[in-house]
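Quick note: the sequence shown uses UniProt numbering, first residue 1, plus one each step.
Cβ coordinates follow ideal geometry from the N, Cα and C atoms, glycine included.
Let me begin by presenting the structure, written as structure tokens, before commenting on it.
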Amino acid sequence: MQDFLRDFVLYLSLLHTHTHTHTHTQMSVREGEEAVQPFVVTIGATVPTGFEHTAAEEVNEKIGASARISKDRGRIYFEIRTDNLFKVHHLKSVDNLFVVVQQYDHYQFKDTKEEALLDLQQLAPMLPWVSALEVWKMNNSVKKKRGRRRGAVVPKPKPIGDVTEPKKLQIKPGAPQVEENQEGGSPGQENSHEAGLDPEVEGQEMEPQPLKFRVTCSRAGDKHSFTSNDAARDFGGAVQEFFQWKADMTKFDVEVLLNIHNNEVVVGIALTEESLHRRNITHFGPTTLRSTLAYGMLRLCKPQISDVVVDPMCGSGAIPLEGAIEWSHSFFLSGDNNDMAISRTVNNISHILKRRQDGGSTCPGLPIDTAQWDLCHLPMRSSSVDIIITDMPFGKRMGSKKKNWDLYPSCLREMARVCRPGTGRAVLLTQDKKCFTKALARMGGLWRKSHTVWVNVGGLHAGVFVLRRTGAFFGTTPEDVCEPKKVPESQEEDMEEKD
Ligand SMILES: C[S@@+](CC[C@H](N)C(=O)[O-])C[C@H]1O[C@@H](n2cnc3c(N)ncnc32)[C@H](O)[C@@H]1O
């Protein structure tokens, strides 16, 4: 309760300093007004499962914060000062971002459904919403600024809240009742200046509109007497009553998140509208990899200045594109045997170049090239590549498990030919772990496994295998002098069955 009051006082002071005449950051105030100090908030991020440590490493590197990895796989949490909030949007490992309203590590759910849901309803008005809503508001202006810099069309904002009449922000017995500051607006309200209003629109009186919201609940654990839908509905109802917001499942301004994992409960407010994993791709293929996962894989192989990095099965190009953007001191080659995949990659590259040009970037281009090829016969000199990184056909949505028994050994062999002995490395993603492990076991003279990162790719349990090229020159080991032995077909089927 003390926290709530503290936040509440802070919120009042924020309302006081926000006016139509200044920008939306906490630090910018009108002359003569007292500067509001930045404060520390907890940010939560969803990341590809298995890459939590990689994401924590990135947070440390870019924000200087040490991230906690949640029990709930695929989430990390870290503290940040609000004047550094913009930095969270530079993170490449994160899918979605949210500001934490409150976190309970040992929440005690009642046994019956009715009691458990009643508790959630009673929780809503007790939460310290104010700082989190203020962060949400700041984040809107950060996103707008980024949008403008990237050359995106920034939509005209709709007025949120009444700018002429004070509006009740909180009306709840027992909770402090607040009147909205006429100039500052409700949490989430954009003043016309910050929101980049059309000058013609500016000055017009705007119709008051309540904020629209939705609650999204994710729940994991087998000891709950309620479903995620039950929790979202009842908690959402209490949020609605408390703030007098309007529920809207599709066109919402605020997305309240209720994450329940066994007895850990985290309430947050989303800072991203859609997952950041789609950031670079406009032309999707049947198995396009999430950019966040591609980024995690790239970090595993640590590209160095002037490294030649090859994705020999690039599909729509998610990996080499992410690499060329983030590791622009290396050179990326992408190829595939499918002409549709190649044209998707080329279109994705062109889109990024155009986006940069439209945003006024003086960046000369991307260090990436694309070719159509068969991975088993790469048009490249032996020992000319530093890193091979690829997402192999799993044999489910792409190719077949049966074909993998031929493809995987041939591909490891050809990759070993082009990869530099001694220093070369490979980071290979596959769900067909058995076939891959068998193929690798037969290539011991050429490849050594360094480690495996287990990840979840669209609900499938997959492995990212990190390999080191041995010092052996290609053509001198028993594995490469002759083609790898083909497994008899009857045996292949047998292995597939047990997979
Ligand atoms: C899992 S998908 C890669 C998806 C990719 N990471 C993306 O983001 O779109 C595997 C790719 O391997 C390609 N492929 C299969 N056999 C190949 C071969 N022999 N040579 C080159 N590419 C091949 C397929 O056409 C497919 O695009």
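As assigned by DSSP and simplified to three states, the class of ASN96: Working through the sequence shown from its first residue, we reach residue 96 at position 96. Looking at ASN96 - three-state DSSP - the assignment turns out to be strand.
Burial state of ASN60, where buried means 16 or more other Cβ atoms lie within 10 Å: Residue numbering aside, residue 60 sits at position 60 when the sequence shown is read from its first letter. Exposed, by the Cβ-count rule.
Under 8 Å between C-beta atoms of SER361 and HIS329: Taking the first residue of the sequence shown as 1, we reach residue 361 at position 361. Taking the first residue of the sequence shown as 1, we reach residue 329 at position 329. No; because the gap between Cβ atoms is not below 8 Å, this pair is not in contact.
Within 5 Å of ligand 1: residues by beta-carbon to any heavy atom: GLY285, THR287, THR288, LEU289, MET313, GLY315, SER316, ALA318, ASP336, ASN337, ASN338, ALA341, ASP374, LEU375, ASP391, PRO393 and MET398
For GLY268, the three-state DSSP class (helix, strand or coil): Counting from 1 along the sequence shown, the entry for residue 268 is found at position 268. It is a strand residue.
CA-to-CA distance, VAL130 to TYR107, given in whole angstroms: Locating residue 107 in the sequence shown gives position 107, where the first residue counts as 1. Locating residue 130 in the sequence shown gives position 130, where the first residue counts as 1. Approximately 22 Å between the Cα atoms of the pair.
Option in GLY64, LEU117 and VAL466 with minimal Cα separation from LEU298: Residue 298 sits at position 298 when you count from the first residue of the sequence shown. A check of alpha carbon separations from LEU298 across GLY64, LEU117 and VAL466 identifies VAL466 as the nearest.
Cutoff 6 Å; reference ARG73; Cβ partners in own chain excluding five residues on either side: Residue numbering aside, residue 73 sits at position 73 when the sequence shown is read from its first letter. Non-local beta-carbon contacts of ARG73 in its own chain, meaning distances under 6 Å to residues more than five positions away in sequence, involve THR49 in chain order.
Reduced DSSP category for GLU79 - H, G, I as helix; E, B as strand; rest coil: Numbered from 1 along the sequence shown, position 79 holds the residue referred to as residue 79. It is a strand residue.
Where LEU378 falls: helix, strand or coil (DSSP): In the sequence shown, counting from the first residue as 1, residue 378 sits at position 378. Here LEU378 sits in coil by DSSP.
Buried or exposed (CB count within 10 angstroms, at least 16 for buried), VAL94: Position 94 of the sequence shown holds residue 94. Classification of VAL94: buried, given that the 10 Å Cβ count is 16 or more.
Cβ-based burial, TYR104 [other Cβ within 10 Å; buried from 16]: By 1-based counting over the sequence shown, the position of residue 104 is 104. Result: exposed.
MET495 to ASP83 span [Cα, whole Å]: Sequence index remark: in the sequence shown, residue 495 carries index 495 (1-based). Sequence index remark: in the sequence shown, residue 83 carries index 83 (1-based). Because the pLDDT at MET495 is just 41, under 50, the model does not fix this residue reliably, and the value given afterwards should be weighed accordingly. Each residue's Cα considered, the two are about 56 Å apart.
Alpha carbon of LYS137 to alpha carbon of SER334, nearest angstrom: Mapped onto the sequence shown, residue 137 falls at position 137. Mapped onto the sequence shown, residue 334 falls at position 334. Straight-line Cα distance between these residues: approximately 41 Å.
GLU414 vs CYS376 beta-carbon contact at 8 Å: On the sequence shown, residue 414 is found 414 positions in, with the first residue counted as 1. On the sequence shown, residue 376 is found 376 positions in, with the first residue counted as 1. For GLU414 and CYS376, yes; Cβs fall inside 8 Å.
Residues of its chain near VAL40, where Cβ-Cβ distance is below 8 Å and the 5 sequence neighbours each way are ignored: Residue mapping note: residue 40 aligns to position 40 of the sequence shown, counting from 1. GLU79, ILE80, ARG81 and THR82.
Counterpart residues of GLY64 in DSSP-defined beta bridges: Within the sequence shown, the letter at position 64 stands for residue 64. The partner list for GLY64 (beta bridge, DSSP) is empty, contrary to what the question assumes.
Beta-carbon contacts of SER225 that lie in its chain and below 7 Å, excluding the five residues immediately before and after: Translated into positions along the sequence shown, residue 225 becomes position 225. Once the five neighbours on either side are set aside, the close Cβ partners of SER225 are ASP111, THR112, LYS113 and ALA116.
Residue from ASN338, MET126, THR292 and ASP253 whose Cα sits closest to the Cα of GLY458: Walking along the sequence shown from the start, residue 458 turns up at place 458. Looking at the Cα atoms, THR292 is the closest of the given residues.
Backbone secondary structure at ALA472 - three-state DSSP: Taking the first residue of the sequence shown as 1, we reach residue 472 at position 472. For ALA472, the secondary structure class from DSSP, reduced to helix, strand or coil, is coil.
Backbone CA spacing between VAL101 and PHE242 [nearest angstrom]: For the purposes of this step, residue 101 is taken as residue 101 along the sequence shown, with counting starting at 1. For the purposes of this step, residue 242 is taken as residue 242 along the sequence shown, with counting starting at 1. Those two C-alpha atoms are separated by around 15 Å.
Cβ separation of VAL309 and ILE387, assumed to be a contact under 8 Å, to the nearest whole Å: In the sequence shown, residue 309 corresponds to position 309, counting from 1. In the sequence shown, residue 387 corresponds to position 387, counting from 1. Right, the Cβ-Cβ distance comes to about 4 Å (below 8 Å), so this counts as a contact.
Close Cβ partners of ASN262 (< 6 Å) along its chain, the five nearest in sequence each way excluded: Indexing the sequence shown from 1 puts residue 262 at position 262. Result list for ASN262: GLY221, in chain order.
Start-end ranges of the beta strand (DSSP E) lying completely within the segment 393-472, minimum 3 residues: 425-430, 447-457 and 460-469
Contact set for PHE86: own chain, Cβ-Cβ below 6 Å, skip 5 residues either direction: Locating residue 86 in the sequence shown gives position 86, where the first residue counts as 1. Result list for PHE86: VAL142, in chain order.
Opposing strand residues paired with LYS212 [DSSP bridges]: By one-based count along the sequence shown, residue 212 stands at place 212. LYS212 is bridged to LYS246.
DSSP bridge partner residues for ASN259 (one or two, in chain order): On the sequence shown, position 259 is the one that residue 259 refers to. Paired residues: SER218 and VAL266.
Residues near GLU479 in its chain [Cβ-Cβ closer than 6 Å; skip 5 each side]: What you label residue 479 is simply residue 479 of the sequence shown in a count that begins at 1. Here the set comprises MET443, GLY445 and LEU446.
Proximal residues to ARG468 (C-beta, below 6 Å), its chain only, five neighbours per side dropped: If you number the sequence shown from 1, residue 468 lands on position 468. Here the set comprises ARG425, ARG448 and SER450.
Through-space distance from GLY237 to PHE245, alpha-carbon basis: Working through the sequence shown from its first residue, we reach residue 245 at position 245. Working through the sequence shown from its first residue, we reach residue 237 at position 237. One point to set straight first is that residue 245 is Trp, not Phe, in the sequence displayed. Looking at the two C-alpha atoms, the distance is approximately 10 Å.
Beta-carbon separation (whole angstroms), GLN431 vs LEU407, contact threshold 8 Å: Counting from one through the sequence shown, the residue named residue 431 turns up at place 431. Counting from one through the sequence shown, the residue named residue 407 turns up at place 407. Wrong, their Cβ atoms sit about 14 Å apart, outside the cutoff.
Same chain, Cβ closer than 7 Å to HIS283, neighbours up to 5 away in sequence not counted: Walking along the sequence shown from the start, residue 283 turns up at place 283. The answer, listed in chain order, is SER316, ARG344, ASN347 and ASN348.
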